[in-house]
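Beneath this line is the structure, given in structure tokens, with notes to follow.
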Amino acid sequence: MGDSSNLKLTRRGFIKGAAVTLAAANALSSYSWFRPSQAFGATEPDLVIAEKGNPTQLLNAAMASIGGMGRFVKKGQRVVIKANIAWARTPEQACTNNPELLSRLIKMCYDAGAKRVAVWDHTCDNYQFCFSRSGLKKVTQDAGADIFSGHGRNVYKTVEIPKGKALKSAEVNKDILDADVLINFPIPKQHFATELTLGLKNMMGTVWDMELLHKIDLHQCIADINTLRKPDLVVVDAIRILTTNGPKGPGKTEDPNQVMVSTDVVAVDAYGTALFKNPKTGNPYKPAEIRFIKNAYDLKLGEINLSKVRVKKVQGA
Amino acid sequence: MKRTYRTLRVPIQALSFFFLLYLILQTAFPLETRIPVDLYLRLDPFIGLISLITQKELILRMLPAFGVLLLVIVLGNFFCGWFCPMGAAIDFFDRVLFREKKRTKNLDDQALRRGRYGVFAFALTAGLLGWQLMFLLDPISLVTRTLVIAVYPPVIYISNQLIPLIQKFLPQNPVILSTTPLPVFKVNLLIFLFFVVILSLGVIRRRFWCRYLCPLGTLFSLTSRLRLFRRSVSQDCIHCLKCVKDCPVGAIPQEEPETYRQQDCITCLRCTDCAPAAVSFGLKTPHWQAAQGPSLSRRYVVGSITFGLFSALAVKTNPLQTGSGRKNNRLIRPPGALPEEKFVAVCTGCGECLKVCPNNALQATFLEAGLAGFYTPRLVPRIGYCEEFCNFCGRVCPTEAILPLPVDEKRKIQMGVAHIDKTRCIAFEKDKVCLVCNEQCSYHAIIGDEKDDKKRPIIKEELCTGCGICENKCPVEGDSAIIVYTTGVQKKVTPENPPEAERS
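Heads up: the protein sequence lines correspond to chains A and B, in order.
Going by our numbering, the residue at position 183 of the first sequence is 277; the numbering climbs one at a time, nothing skipped.
Going by our numbering, the residue at position 97 of the second sequence is 99; the numbering climbs one at a time, nothing skipped.
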């Protein structure tokens with residue numbers, strides 16, 4: 095990528111950012127995609143992959159390269175982390191997020207000045223068993239954040255999905271829609287119905303009637319749901335991934351020991367596909383082979399072509 | 003001194019009732035209370051005795067019940083008046099609803115008073131032949147069942163209605179109140195009405211139920227003949243008959259207020275509230291002979307037993323009984339339940355397992371298990387499924403009708419097997435990829451056909467435990483397209499890859 099185009103972008107971005115800062119002061123804070131922080135991102139990489147090291151080191155290194163948590167979380171904001179705690183499995187089985195990583199992520203949000211951090215998921219198994227067996231309730235509360243389960247219908251509101259192709263309206267988690275900052279925190283897994291589960295698929299846990307999506311058209315619905323609220327930050331927990339019997343497991347696991355952070359959920363999902371082998375071809379998956387990523391790209395939710403994305407690899411330790 | 007004892011009774015009754023409520027509310031995840039949540043049932047010697055007879059072995063967790071029985075033998079019946087939560091409820095409603103009611107004078111109620119001995123003999127005989135009518139009448143089981151099935155769901159309903167209103171006054175962040183999934187039970191109205199009938203009998207006499215029907219009270223009556231803690235009346239008695247009117251169980255005969263029917267006395271000490279202070283209680287030499295016995299004729303007892311015998315035989319030969327239960331392939335019993343015939347004989351229908359089930363999967367039966375299996379638990383997957391790492395129902399069952407299995411063993415119990423209805427399944431009928439059942443299955447018992455691009459589900463019956471999560475989550479409207487049927491007897495499955503051993 096040429097230096098001149100970068101410079102041009104930066105300048106334009108800066109002016110745009112300044113204008114939007116003024117506007118945002120008056121406007122509702124919930125329109126997060128207009129937030130000025132985006133403007134500073136122009137020189138930052140779009141996707142950072144951290145390797146080697148323990149979960150804390152990986153996240154530290156990755157976040158440092160993408161501009162620090164301060165780029166996303168401002169003082170006094172409410173941060174919502176959409177984690178994956180869908181199943182009553184232990185952390186070693188890699189069906190739910192890594193507890194140490196979640197703990198570090200929450201602390202980073204608080205260090206950046208977050209007023210309160212909430213961790214949400216609409217679990218598939220009984221939420222009490224999911225929260226306790228995954229160990230995530232303990233680390234969340236120890237880190238001073240709240241952990242919520244979407245088992246009560248009152249936490250949802252019915253919204254129209256204007257950009258949706260298959261799904262025109264859905265009951266979606268209010269807190270996630272209204273949060274100042276939304277962090278999508280998926281764990282990559284093999285998934286029998288959708289081949290893989292990644293960042294886009296993780297947002298399915300913001301919906302009340304998840305089974306309904308299976309009935310309509312799962313891949314298109316996943317993309318449609320993602321048009322509602324774009325996450326400000328995607329943190330992919332690829333420390334240990336589930337490669338068979340997904341999404342519930344238990345199955346075979348692999349330890350890529352990576353953390354990926356990005357502002358573009360489609361790009362990070364496109365990158366994440368390569369972690370898995372396509373059983374039909376025997377080669378790693380290509381992004382376009384996963385239909386929900388393709389559908390999301392078609393809805394202009396992000397960049398599927400990794401050559402058009404600024405990717406940076408860093409070392410945790 | 004006596005005065006203070008007496009005034010303590012109502013607070014203790016209230017405390018006892020609220021403690022039961024507390025225990026019932028604690029009968030839920032994570033089930034970590036120090037005190038067993040089924041404490042009251044474990045203290046019930048009627049259940050203890052019957053389960054001893056039907057199980058034919060001593061259930062260790064029912065041991066405290068025999069302690070209570072021993073205390074009653076020595077001290078006399080103190081349980082009904084002081085600790086029985088059912089008695090507390092009856093006393094409360096008698097007071098609230100029927101205070102104004104001019105009670106009928108202490109009529110000759112001999113015929114009624116022997117009623118409960120008849121009920122007792124009848125229920126016992128029927129019970130020994132496998133018709134567990136008596137558990138429906140046991141007061142502890144009854145009050146627990148009523149609270150769990152008839153009272154708890156409306157409470158949750160109301161709180162769910164209130165939560166959005168309360169939320170308006172609270173900051174949305176970080177306080178987010180979630181509604182609770184509403185527990186539902188088909189038999190709730192029936193159980194509620196039965197309880198209402200029992201309470202409204204108080205319009206005829208105070209503690210009508212306790213005096214004339216309660217089988218636990220009868221057991222205590224039979225055993226408290228040798229009581230040491232006895233009532234005595236001094237020479238100061240002026241025959242004002244206040245104690246006769248006050249006695250909530252009518253244990254003091256009008257003609258001779260100096261005496262009392264020791265087997266009916268519940269030691270509430272109300273009669274010590276006496277103007278000349280003539281009445282006192284104290285430790286005295288036991289006296290087998292009562293002032294007035296229940297006047298049981300041989301004919302009456304034999305009649306009751308014969309009636310019980312015949313009713314039990316009628317139930318046994320009823321097609322509802324012979325046809326369902328073992329032959330109802332939708333009657334899925336909780337994991338670790340005893341074989342069907344024994345199960346209905348031991349289960350008291352107390353509802354503890356219904357309350358503790360985190361997914362509301364366990365439902366009380368009405369006629370599904372035949373006439374002998376009223377209010378016994380069954381798994382209804384469309385309402386809720388059996389949680390993989392939960393063994394709570396076995397842990398709270400007071401009579402071990404559901405065995406208290408460790409989680410790892412419980413996970414391997416096969417309650418039933420799932421079957422796909424190919425005429426309704428989305429993958430077969432609409433030619434779409436759905437696979438909710440495969441995704442949800444905890445035991446890898448449903449696989450998608452890899453050779454088929456619609457990935458139609460295939461069931462591996464040898465791995466299926468019948469937990470019903472597939473039936474529960476199936477997105478087909480109305481009845482599920484995947485249905486769990488029992489296989490008759492519960493047996494063990496051996497999972498291909500037990501999750502815990504997976505990585506070792």
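Where a beta carbon is used, it is the ideal one built from N, C-alpha and C, also for glycine.
Bear in mind the structure is a predicted one, so any value in this text is a computation, not a measurement.
Item                                                                                                                          : Value
C-beta neighbour in chain A for Ile165 of chain B, strict 8 Å                                                                 : yes
Contact set between the segment 266–294 of chain A and chain B, restricted to residues whose Cβ is under 7 Å from the partner : Asp269, Phe286 and Ala287
The segment 212–231 of chain B / the segment 73–84 of chain B touching (three or more Cβ pairs under 8 Å)                     : yes
Cutoff 6 Å; reference Ala144 of chain A; Cβ partners in own chain excluding five residues on either side                      : Leu152, Ala155, Ala156, Val353, Val408 and Gly410
Inter-residue spacing [alpha-carbon to alpha-carbon] between Gly120 of chain B and Gln323 of chain B                          : 25 Å
Gln294 of chain B to Val153 of chain B span [Cα, whole Å]                                                                     : 40 Å
Whole runs of the alpha helix (DSSP H) within the segment 210–236 of chain A, excluding any shorter than 4 residues           : 221–227 and 230–236
Entirely enclosed alpha helix (DSSP H) segments - the segment 297–324 of chain B, minimum 4 residues                          : 300–318
Tyr232 of chain B in three-state terms, based on DSSP                                                                         : Per the sequence presented here, residue 232 of chain B reads as Arg, with Tyr not at that position. Three-state DSSP puts Arg232 of chain B in a strand.
Gly305 of chain B versus Glu479 of chain B: straight-line alpha-carbon distance, rounded                                      : 54 Å
DSSP bridge partner residues for Glu194 of chain A (one or two, in chain order)                                               : According to DSSP, Glu194 of chain A bridges with nothing at all.
Residues of the segment 173–201 of chain B with Cβ closer than 8 Å to any Cβ of chain A, in chain order                       : Gln174, Asn175, Pro176, Ile178, Leu179, Ser180, Thr181, Thr182 and Pro183
Outcome for Thr467 of chain B when other beta-carbon atoms lying within 10 angstroms are tallied against a minimum of 16      : buried
Contact list for Pro477 of chain B against chain A, beta-carbon separation under 7 Å                                          : Glu305, Leu306, His308 and Lys309
C-beta contact flag for Gly418 of chain B and Thr488 of chain B at 8 Å                                                        : yes
Rounded Cβ spacing between Leu373 of chain B and Val317 of chain B (contact assumed at less than 8 Å)                         : 5 Å
Chain-ordered neighbours of Phe31 of chain B on chain A, where CB pairs are closer than 9 Å                                   : Asn220, Gln222, Phe223 and Ser226
Near-chain A residues of the segment 349–377 of chain B - C-beta to any C-beta below 9 Å                                      : Pro360 and Asn361
Short Cβ contact (8 Å threshold) for Tyr214 of chain B with Leu114 of chain B                                                 : yes
Interface positions of the segment 436–449 of chain B facing chain A (Cβ-Cβ less than 9 Å), listed along the chain            : Cys436, Leu437, Val438, Asn440, Glu441, Gln442, Cys443, Ser444, His446 and Ile449
Other residues of its chain near Asp442 of chain B: CB distance less than 7 Å, five sequence neighbours each side excluded    : The question names Asp, yet the displayed sequence has Gln at residue 442 of chain B. Here the set comprises Ile471, Cys472 and Lys475.
Own chain residues within Cβ distance below 8 Å of Leu122 of chain A, not counting five before or after                       : With a pLDDT of 43 at Leu122 of chain A, under the threshold of 50, the modelled position of that residue is not reliable, and no figure is offered here.
Start and end residues, beta strand (DSSP E) containing Arg172 of chain A                                                     : Arg172 to Lys176
Own chain residues within Cβ distance below 7 Å of Tyr7 of chain B, not counting five before or after                         : Leu271
Contacting positions in the segment 237–262 of chain A - beta carbon closer than 9 Å to chain B                               : Ala239, Asp240, Phe242, Ser243, Gly244, His245, Gly246, Arg247, Asn248 and Val249
Exposure of Phe81 of chain B, with buried meaning 16 or more beta-carbon neighbours within 10 Å                               : buried
Minimum Cβ-Cβ distance from Lys201 of chain A to chain B less than 8 Å                                                        : no
8 Å contact criterion, which Val142 of chain A and Ile175 of chain A should meet: CB distance rounded                         : That pair is no contact at about 18 Å.
8 Å contact criterion, which Asp140 of chain B and Pro217 of chain B should meet: CB distance rounded                         : 6 Å
Rounded straight-line distance, which links the Cα of Asp215 of chain A to that of Ile241 of chain A                          : 8 Å
Reference Lys259 of chain A, options A:Lys406, A:Asn389, A:Asn399 and A:Leu400, closest by Cα                                 : A:Asn389
Any C-beta of chain E under 8 Å from that of Lys457 of chain B                                                                : As a matter of chain content, chain E is missing from the structure shown, whose protein chains are A and B.
Per-residue DSSP class, three states only, for Ser131 of chain A                                                              : Its pLDDT being 43, under 50, Ser131 of chain A is placed unreliably by the model, and the measurement read from it follows with that caveat. If DSSP states are grouped into helix, strand and coil, Ser131 of chain A belongs with the helices.
Beta-carbon spacing of Gln265 of chain B, Arg227 of chain B below 8 Å                                                         : yes
Own chain residues within Cβ distance below 8 Å of Glu397 of chain A, not counting five before or after                       : Asp140, Asp358, Val360, Ala361, Ala364, Tyr391 and Val403
Cross-chain neighbours of Phe391 of chain B in chain A, by beta carbon under 7 Å                                              : Ala182, Phe223 and Arg227
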